[in-house]
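Undergrad: One structure, pasted below without further comment.
Protein chains in written order, with the working numbering: chain A, 1448 to 1635; chain B, 5 to 855.
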């Protein structure tokens, strides 16, 4: 993470050349002098586009705890500052009133969602994982071969997961609990 | 081929356009004219599912006219290797190779495909390439019937168009030039997808286009970290870094016949097919998964380090075997789609979905939604409400797909997830490049990262199992699970967020016992064992050891975080010929794999123009613009001494170091489930019979015949005469879960449409903009007709074949809604990787609307 408050160098050069026309500095109104890009004083975070696999670099600008803009990173050898329509809309993917920000719960045979607390849901899902795994765990096949697995709990992950997330999923569910059908969009 | 790069990977395609401006020729072969076609020098319409004939004919042409790159092929491929006399080709068995068992639909005996072994374990060869059993001669016979006439008959491509492609490729390959090939799911989503890609590999090896700048086969993958999800896999059959998941048996099994809904485990081998190769112990696993020669001989160090990362000191009991036994063994095909049927049968009880939407995004979506109804419970982690999360509310066409919540038992949890800008972590792009993304702000409300969810579940589960005395619970008890932040993240209100850089450190690897000490694990004078937090980082996978002194979560990523404060995935220094300071490319930050092949056998560049990696005789090492993909000091004239093993068993001119013979495989003597050479089979649903063999479609594919919701149209079925293919648009992503809630994108692409040719429209009395119903034996959907010259009728086997195309981004959630295209697709799985055939099947259309 780094601050970027000045204009890119080539632009700076053009601007300073323009300002130095004639023998003295040209007059500017107070308004012009005080004009600033809205990303000035914003904090820059490096990100990567969450859509296709090209891996375009994004600059995410944060001011007052809010993301104010997301643009292509001009330094990236991959996208050189450009983005496609999806990448350019990453801002609206994150900042969007349609996002669900509370836990929703649908009880068996119910026809509606209920709002629940995060802690309640975490405990309940952890319990469900344990019950399903324990009731389906197989140590050995009838012929004696050891398998130490459960096939009754499945997982399917999207391919916008970070590698750190994938790593912990496989480690916990496969290495820790013996769950086999752990799958990903990468299969699709 | 098999890709619409301009629209599915637009920013990547900018580089193709740049190359074209510099004089490169771009050719697009695809059923559907797109912006990629518009920007190419040449567009060739072809019938979906016939790529092996198109490229097979190029292979035949190169062989028959001696136009292949002789020196490259002789030294760097297995062209000279001799195959067993007992091998029988599709030429002899009418479309099937030796070893096939029609009863189970599997190649149960693949022994005849193998090389003739020499005394030292290396294959026998004939460098004159004249022996009838040598790979080159076998290929000559195998591809003999892949003629330009077949291209016309099967693909519907006129000979003259195909000839331009051949000429262009030949002119643009060799010492001075290279050609690249790009593909995407247009190839993978076919019942013979792996063999299509193999055909491309054979073609590129014959032309000398692998391991060289400007060459290669580019898999254009479709998601931000889909490569990462394969490398650090959440896949049932892989452990990290492409080590296989241990199996109770090695060979694939036909699981349909044996299954009973009451079984708690399934897919196990019957006596007849049980492989002799057991993986019950670590030793058995290593001897059956590793290789005596080549880089994979290092698998013991990588596997032992993985066990160490997962189970710490417990991994040193019985030299790792104790914890190896905890790793669950697979007993058949437990892939996503195979598991869907297990779900429908009521055998799968719980389902965790992290950012996935099978109710609209997976093939045969109606089947997917029915399967969800059989679950006891399901937890969905996403940013927006998906079709999957709300499958119990309604179907896409309520009067056709009646959904009654009062009859659905599934307990559903929706847990709000964080977006990529709300968490820090790594994406691996399609070029194997790891790029770190910063967390910019906290996720809103109760939304959390998937890392948080998994970490917190792990903590809770470890607590739930803490008091257990059961042997089956030892793994979760021993599992290392401490990724707490020492200091809370500045400015964050989420105080229990795990430290993703600590996870990356575990993936990179660390010294449990720092090097330079004498003795081994267990000896008292040693410093260690050290935990993840305090242990020194390993610099790269070369440091990994088999003695339990190192831990590593994924060996191929080792080197990404070689020392504290040096996360190379976060490096952002532009510049240099190959941008080595921008991100980290696995393995070892190499940008082109097998780049030893960019130099000739003597180690000199093939040409000044294509100079990349070469042998520096003065310095006695390999050097160049990239990290050499070769033992750095092994001279080009190195010959293995008798009895050499591992990487030392390969010569100084064997670039393909992952292969036990160091050669690029024109012919695959092992490893594939549907044959050592690509063979054209028609898609599972096709308007025509296979013109090449009696065998109609891939004999080893899985058809799920007789299973519910998976009816297939017969060959040439008059009710379903039209070929249909599906694809992406630039403005939406997959099933729309990441785009159809966004007004900016919805304004650009508001509704589903079907692209149909003017000829077909006239035949069916459909006007542009009319509603039409598209039907297959699996179901019906409606869409607006887009009558366009982008789809063209083809002449195939003397008659006209129409093709239509539909994007697949819509569903019944989101701000814009539309039919689910995947309701039309069937469930026929490719035998090697269990991927569905969504790019070539058959349908019919009529005017009308369902809703």
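Even for Gly, the Cβ is constructed at its ideal location relative to N, Cα and C.
Given residue 442/B, which residues of its chain have a CB within under 7 Å of its CB, disregarding the five upstream and five downstream residues?
TA: The sequence position of residue 442/B within the second chain is 438, counting from 1. Here the set comprises 428.
Undergrad: Taking Cβ positions, are residue 209/B and residue 668/B nearer each other than 7 Å?
TA: Locating residue 209/B in the second chain gives position 205, counting from the first residue. Locating residue 668/B in the second chain gives position 664, counting from the first residue. With a cutoff of 7 Å on beta-carbon distance, residue 209/B and residue 668/B are scored as near each other.
Undergrad: Identify the continuous alpha helix (DSSP H) that holds residue 193/B and give its terminal residues.
TA: Mapped onto the second chain, residue 193/B falls at position 189. Segment: none, residue 193/B is in no alpha helix (DSSP H) and carries neither H nor E.
Undergrad: Quick one: is residue 1485/A near chain B, going by C-beta distance under 7 Å?
TA: In the first chain, counting from the first residue as 1, residue 1485/A sits at position 38. No, no contact with chain B.
Undergrad: Taking only three categories from DSSP, how would you classify residue 1513/A?
TA: The residue labelled residue 1513/A in the question sits at position 66 within the first chain. Residue 1513/A: strand per DSSP, three-state reduction.
Undergrad: What span of residues does the alpha helix (DSSP H) with residue 173/B cover, start to end?
TA: As a first step, residue 173/B must be located in the second chain, where it is residue number 169. For residue 173/B, the enclosing alpha helix (DSSP H) starts and ends at 163-175.
Undergrad: If we define contact as Cβ-Cβ less than 7 Å, is residue 581/B a contact residue for chain A?
TA: Translated into the one-based positions of the second chain, residue 581/B becomes position 577. It does not: the Cβ of residue 581/B has no partner Cβ on chain A nearer than 7 Å.
Undergrad: Do we get a CB-CB distance below 7 Å when we pair residue 91/B with the residues of chain A?
TA: Start at 1 with the first residue of the second chain, and residue 91/B comes out as number 87. Residue 91/B does not count as touching chain A.
Undergrad: Alpha carbon to alpha carbon, how far is residue 778/B from residue 818/B?
TA: One-based indexing of the second chain puts residue 778/B at position 774. One-based indexing of the second chain puts residue 818/B at position 814. When rounded, the distance between both Cα atoms is 22 Å.
Undergrad: Have a look at residue 1449/A and residue 433/B and give me their C-alpha separation to the nearest angstrom.
TA: In the first chain, counting from the first residue as 1, residue 1449/A sits at position 2. In the second chain, counting from the first residue as 1, residue 433/B sits at position 429. Residue placement at residue 1449/A is poorly supported in this model, since its pLDDT is 47, which falls under 50; the coordinates are not used for a value here.
Undergrad: Does residue 456/B come out as helix, strand or coil in the three-state DSSP assignment?
TA: Within the second chain, the letter at position 452 stands for residue 456/B. It is helical.
Undergrad: According to DSSP, simplified to helix, strand and coil, what is residue 1584/A?
TA: Taking the first chain and counting its residues from 1, one reaches residue 1584/A at position 137. Reduced to three states, the DSSP call for residue 1584/A is coil.
Undergrad: Expressed to the nearest angstrom, what Euclidean distance is found between the alpha-carbon atoms of residue 1485/A and residue 1506/A?
TA: By 1-based counting over the first chain, the position of residue 1485/A is 38. By 1-based counting over the first chain, the position of residue 1506/A is 59. C-alpha separation (whole angstroms): 14 Å.
Undergrad: Counting only beta-carbon separations shorter than 7 Å, does residue 641/B have a partner in chain A?
TA: Position 637 of the second chain, counting from 1, holds the residue named residue 641/B. It does not; no Cβ of chain A falls within 7 Å.
Undergrad: In the DSSP output, what is residue 657/B paired with across the bridge?
TA: Stepping through the second chain from its first residue, residue 657/B is reached at position 653. BP columns for residue 657/B are empty, so no partner.
Undergrad: Check the Cβ of residue 1494/A against every Cβ in chain B and list those closer than 8 Å, keeping chain order.
TA: Indexing the first chain from 1 puts residue 1494/A at position 47. The contacting residues are 424, 425, 441, 442, 444.
Undergrad: Any beta carbon from chain A within less than 7 Å of residue 824/B's own beta carbon?
TA: In the second chain, the residue the question calls residue 824/B occupies position 820. Not one chain A Cβ lies under 7 Å of residue 824/B.
Undergrad: Anything in chain A within Cβ reach of residue 347/B, meaning under 8 Å, just list it in chain order.
TA: As a first step, residue 347/B is located in the second chain; it is residue number 343 there, counting from the start. 1601, listed in chain order.
Undergrad: DSSP state of residue 610/B, grouped into three classes?
TA: Taking the second chain and counting its residues from 1, the one referred to as residue 610/B is at position 606. Residue 610/B falls in the coil class under three-state DSSP.
Undergrad: To be precise: take each residue of the stretch 1549-1562 of chain A, compare its Cβ to all Cβ atoms of chain B, and keep it if any distance is under 9 Å. Which residues remain?
TA: For chain B, the residues of the stretch 1549-1562 of chain A that bring a beta carbon within less than 9 Å of one of its beta carbons are 1549, 1550, 1551, 1552, 1553, 1554, 1555, 1556, 1557, 1558, 1559, 1560, in chain order.
Undergrad: My output table needs one value for residue 255/B: the three-state DSSP class, helix, strand or coil.
TA: Walking along the second chain from the start, residue 255/B turns up at place 251. With a pLDDT of 46 at residue 255/B, under the threshold of 50, the modelled position of that residue is not reliable, and the figure given next carries that caveat. The answer is coil: DSSP assigns residue 255/B none of H, G, I, E or B.
Undergrad: Strictly under 7 Å for the Cβ-Cβ distance: is residue 1592/A near chain B by that measure?
TA: The sequence position of residue 1592/A within the first chain is 145, counting from 1. Output row for residue 1592/A: interface = yes.
Undergrad: Measuring alpha carbon to alpha carbon, tell me which of 407/B, 151/B, 153/B ends up nearest residue 1557/A.
TA: In the first chain, residue 1557/A corresponds to position 110, counting from 1. Per the Cα distances, 407/B.
Undergrad: Residue 156/B to residue 801/B, Cα distance in whole Å?
TA: In the second chain, residue 156/B corresponds to position 152, counting from 1. In the second chain, residue 801/B corresponds to position 797, counting from 1. If you take the alpha carbons of residue 156/B and residue 801/B, they lie about 8 Å apart.
Undergrad: Quick check: is the beta carbon of residue 265/B nearer than 7 Å to any beta carbon in chain A?
TA: Numbered from its first residue, the second chain carries residue 265/B at position 261. With a pLDDT of 38 at residue 265/B, under the threshold of 50, the modelled position of this residue cannot be trusted; read the value that follows with caution. So, not an interface residue.
Undergrad: Could you name the residues of the same chain whose beta carbon sits closer than 8 Å to that of residue 466/B, not counting the 5 residues immediately before and after it, in chain order?
TA: Residue mapping note: residue 466/B aligns to position 462 of the second chain, counting from 1. Excluding sequence neighbours, residue 466/B sits near 480, 481, 483, 485.
Undergrad: Is it buried or exposed for residue 1567/A, if we count other Cβ within 10 angstroms and need 16 for buried?
TA: Residue 1567/A sits at position 120 when you count from the first residue of the first chain. Its Cβ having fewer than 16 others within 10 Å, residue 1567/A is exposed.
Undergrad: Are any of the Cβ atoms in chain B nearer than 7 Å to that of residue 1427/A?
TA: The question about residue 1427/A has no answer, for chain A in this structure spans 1448 to 1635.
Undergrad: Roughly how many angstroms lie between the CA atoms of residue 27/B and residue 239/B, to the nearest whole one?
TA: On the second chain, residue 27/B is found 23 positions in, with the first residue counted as 1. On the second chain, residue 239/B is found 235 positions in, with the first residue counted as 1. Using only the alpha carbons, I get a separation of about 41 Å.
Undergrad: Anything in chain A within Cβ reach of residue 771/B, meaning under 8 Å, just list it in chain order.
TA: For the purposes of this step, residue 771/B is taken as the residue at position 767 of the second chain. Here the premise fails: no neighbours, minimum Cβ distance about 29 Å.
Undergrad: Using CA atoms only, rank isn't needed, just tell me which of 166/B, 141/B, 105/B, 124/B is closest to residue 58/B.
TA: Counting from one through the second chain, the residue named residue 58/B turns up at place 54. The shortest Cα separation from residue 58/B among 166/B, 141/B, 105/B, 124/B belongs to 166/B.
Undergrad: Mapping the DSSP letters down to three states, classify residue 217/B as helix, strand or coil.
TA: Sequence index remark: in the second chain, residue 217/B carries index 213 (1-based). Residue state, collapsed to three classes: coil.
Undergrad: Report the residue from 423/B, 438/B, 470/B, 666/B whose alpha carbon sits nearest the alpha carbon of residue 447/B.
TA: As a working note, residue 447/B is residue 443 in the second chain. Ranked by Cα distance from residue 447/B, the options 423/B, 438/B, 470/B, 666/B are led by 423/B.
Undergrad: Could you list which residues in chain B have their beta carbon closer than 8 Å to that of residue 1522/A, in chain order?
TA: Within the first chain, residue 1522/A is the residue found at index 75, counting from 1. The contacting residues are 576, 578.
Undergrad: If you reduce the DSSP assignment to three classes, tell me which class residue 40/B lands in.
TA: Sequence index remark: in the second chain, residue 40/B carries index 36 (1-based). Reduced to three states, the DSSP call for residue 40/B is helix.
Undergrad: Quick one: grab the DSSP three-state call for residue 514/B.
TA: The residue you call residue 514/B lines up with position 510 of the second chain. The answer is strand: DSSP assigns residue 514/B an E or B state.
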